[in-house]
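Visitor: The following block contains the structure, expressed as structure tokens.
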Amino acid sequence: MKRYKILVGELIAAKLENVDASTIVDLLEYPPSLEMGDLSLPCFTFSKTMRKAPQAIADILKAELKHDAIDSIDSVAGYLNFHLNKELLATEIIQDVLSTGEAYGSRDIGQGKNIVIDYSSPNIAKPFHIGHLRSTVIGNSLKQIFNFLGYNVIGVNHLGDWGTQFGKLIVAYQRWGDAAIVEEAGIDELLRLYVKFHEQAEIEPNLDEEARAWFVKIEQGDEEATRLWKWFVEISLAEFSKIYELLGVSFESMAGESFYYDKMAAVIAELKEKNLLEEDDGAMLVRLDAYNMSPALMLKKDGSSLYHTRDVAAALYR
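The opening position of the sequence shown corresponds to residue 53 in the working numbering, with each subsequent residue numbered one higher.
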């Protein structure tokens, strides 16, 4: 349609004095209904310079404009309404599709600029649910659209692969787990163990403290804690990969929360340097009163990180 706007603009400009085609193209509108035409030109703009009523200008142009691409022209209430030759338009579109193939409709709007799209982002050791599916297909579709428009798209699967929940999973596995069953049942067994932990924690509150201690070990690089955490991640990724392959979905980055672990110290240091970090009962937080928001907890009492810590590190890294 853009090509036809330019064509109509050039035809009209050739009939008017001291008016270039680009001005006409900018003035051309799309009528509110197809019955009124495909393109419409309000002639009021030319009334002063031509010293004629808008309707008179529309009538003059209607009588003078002829082209194979134009099926008919109506002049109504100072507007010039164009009905395009649909057969010619359809023929040209089909020819364009056949000649350009899969590139039909692509444009270089982005000119190689980077754009980051977060999508999917399931949690390790938990099932891939409908919410993840929705995010996955929408995000992947946006990625393809932006690629088609000339952007350099970086699709990120920001995996939920870090946090106290892994301390809970380690405790549950050590108490009630079996390696062979985990290998065979995968995420379903990991979820069962996670649910079992929460049920038992109602009876044994000290389990939560034990889980926190294990997550601190993960953050400190403890060999056994790290081994189990990596194992849980590998099992989960193997199952997620089957889904992504089935959907035809891919990512440029699988950098989950754990990727930013060694970058969080710099975040805390910067917050301290800018006097934004406060201590509150042993924990470290940032006040957001000025934004009518609750404080953002950055470090727990035991020094372990939270979502906020990792999200800020991710934002700065990107």
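Virtual Cβ for every residue (Gly too), placed ideally from N, Cα, C. The structure displayed is predicted, hence computed values, not measured ones.
In terms of residue numbering, what span does the beta strand (DSSP E) encompassing V168 cover?
Guide: Looking at the DSSP string, the run of the beta strand (DSSP E) that includes V168 is N166 to D170.
Visitor: Assuming L245 is part of the alpha helix (DSSP H), what are its boundary residues?
Guide: Counting along the chain, the alpha helix (DSSP H) containing L245 begins and ends at I239 to A253.
Visitor: If you draw a straight line from the alpha carbon of Y131 to that of M102, how long is it in whole angstroms?
Guide: The straight-line gap from Cα to Cα measures roughly 15 Å.
Visitor: Give the straight-line distance between the Cα atoms of M88 and E81, rounded to the nearest whole angstrom.
Guide: Going by the C-alpha atoms only, they are around 11 Å apart.
Visitor: Shortest alpha-carbon distance to S173 belongs to which of G183, I167, N166 and G164?
Guide: When only C-alpha atoms are compared, the closest one is G183.
Visitor: With H, G and I counted as helix, E and B as strand and the rest as coil, what does DSSP make of A335?
Guide: Strand.
Visitor: Are the CB atoms of I206 and V168 nearer to each other than 8 Å?
Guide: The answer is yes: Cβ separation under 8 Å.
Visitor: Taking the alpha-carbon positions, what's the K138 to D123 distance?
Guide: Each residue's alpha carbon lies about 8 Å from the other.
Visitor: Is the Cβ-Cβ distance between A177 and V223 less than 8 Å?
Guide: Against a cut-off of 8 Å, the Cβ pair of V223 and A177 comes out as no contact.
Visitor: In chain order, what are the residue ranges of uninterrupted beta strand (DSSP E) at least 3 long that sit wholly in the segment 76 to 139?
Guide: Within the segment 76 to 139, the complete beta strand (DSSP E) runs of at least 3 residues are 91 to 94, 122 to 128 and 131 to 136.
Visitor: Buried or exposed: which applies to A366, given that a residue is buried once 16 or more other Cβ atoms fall within 10 Å of its Cβ?
Guide: When all chains shown are included, A366 counts as buried.
Visitor: How close, in whole Å, do the beta carbons of G212 and G308 come, if the pair is a contact with beta carbons under 8 Å?
Guide: Sure, about 7 Å apart at Cβ, within 8 Å.
Visitor: Using only the alpha-carbon positions, how far apart do K248 and S302 sit?
Guide: Going from the Cα of K248 to the Cα of S302 covers about 34 Å.
Visitor: Beta-carbon within less than 6 Å of L328's beta-carbon, same chain only, minus the 5 sequence neighbours each way: which residues are those?
Guide: V338.
Visitor: Alpha carbons only, please: which of E254, A155, I287 and I125 is nearest the one belonging to D240?
Guide: The option with the nearest alpha carbon to D240 is I287.
Visitor: So, at 6 Å on beta carbons, what are the nonlocal neighbours of F98 in its own chain, with the 5 sequence-adjacent residues on each side left out?
Guide: Correct list, in chain order: I109.
Visitor: Between the Cα of Q371 and those of Y312, S158, A66 and I255, spot the shortest distance and give me the residue it belongs to.
Guide: An answer regarding residue 371 cannot be provided, because it is not within the stretch 53 to 370 covered by the chain.
Visitor: Roughly how many angstroms separate the alpha carbons of A317 and E271, rounded to a whole number?
Guide: Rounded to whole angstroms, A317 to E271 spans 12 Å at the Cα level.
Visitor: Considering only DSSP beta bridges, list what E330 is partnered with.
Guide: L337, per the DSSP bridge assignment.
Visitor: According to DSSP, is M316 part of a helix, a strand, or is it coil?
Guide: Here M316 sits in helix by DSSP.
Visitor: Using three-state DSSP, classify S193 as helix, strand or coil.
Guide: If DSSP states are grouped into helix, strand and coil, S193 belongs with the helices.
Visitor: Excluding five sequence neighbours on each side, which residues of the same chain lie with their C-beta closer than 8 Å to the C-beta of D72?
Guide: Cβ neighbours of D72 beyond the five flanking positions: A65.
Visitor: Taking all protein chains shown into account, do 16 or more other C-beta atoms lie within 10 angstroms of the C-beta of S346, making it buried, or fewer, making it exposed?
Guide: By the 10 Å Cβ count, S346 comes out exposed.
Visitor: In the DSSP assignment, the alpha helix (DSSP H) including N258 goes from what residue to what residue?
Guide: First-last of the alpha helix (DSSP H) with N258: N258 to E271.
Visitor: Looking at the unbroken alpha helix (DSSP H) that takes in L368, where does it start and where does it end?
Guide: Element bounds for L368: Y359 to Y369.
Visitor: Taking DSSP as the reference, what is the three-state secondary structure of I58?
Guide: Helix, per DSSP.
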